[in-house]
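The structure appears below as structure tokens.
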Amino acid sequence: MKHRLLFLIKCFSILVITSAIGLELWHRFAAVTQRDVILTLAPLFWIGRFALIAHLIEGVAAAIYALRHQKPALFWAVYTFLVGTVGLFELLAANHTDKTVVETTPD
53 MKHRLLFLIK CFSILVITSA IGLELWHRFA AVTQRDVILT LAPLFWIGRF
103 ALIAHLIEGV AAAIYALRHQ KPALFWAVYT FLVGTVGLFE LLAANHTDKT
153 VVETTPD
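So for the sequence shown, the working numbering puts the first residue at 53; every next one is plus one.
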């Protein structure tokens with residue numbers, strides 16, 4: 053049940069982030085070509101920007117953490133940007149699992 057929920061959260065997050073990117077690109081294109089944007093979509097633009105900034109911060113945090121723990125930083129940055137906090141939890145869990153394996157291995 054937990055894995056299915058995480059999978060659904062990841063799928064929803066990827067859908068929302070790619071939609072926010074598309075919406076922001078559309079908004080920028082409309083501004084450059086001097087076309088009107090529907091004013092009722094303004095709250096949606098702000099929510100999308102907030103989500104993009106939050107995911108960007110999470111992606112940067114994941115990249116820094118991955119670099120410090122000899123993990124592929126670009127992979128974890130992009131993955132965490134797309135799936136959000138779930139990606140950070142998976143990175144922390146992967147590092148915790150690696151430490152547990154190292155600590156329990158006899159010399």
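Glycine included, every Cβ here is placed at the ideal spot set by N, Cα and C.
- I69 is classed as buried because its beta carbon has at least 16 other beta carbons within 10 Å across all chains shown.
- Fewer than three Cβ pairs drawn from the stretch 83-103 and the stretch 112-122 lie within less than 8 Å of each other, which leaves the two stretches out of contact.
- DSSP places I90 in no alpha helix (DSSP H); its state is neither H nor E.
- Taking all protein chains shown into account, G139 has 16 or more neighbouring C-beta atoms within 10 Å of its C-beta and is therefore buried.
- Here the C-alpha atom of F64 lies approximately 14 Å from the C-alpha atom of H55.
- K54 carries a helical assignment under DSSP once its states are collapsed to helix, strand and coil.
- In the same chain as L143, and ignoring 5 residues on each side of it, the C-beta atoms closer than 8 Å to its own belong to A114, Y117, A118, K123, W128, T132, in chain order.
- Shown here, H107 sits in a helix according to DSSP, grouped into three states.
- As the crow flies, the alpha-carbon of K62 is around 15 Å from that of L104.
- Within the model, the alpha-carbon separation for F97 versus T85 is close to 18 Å.
- In the displayed model, K62 falls within a helix according to three-state DSSP.
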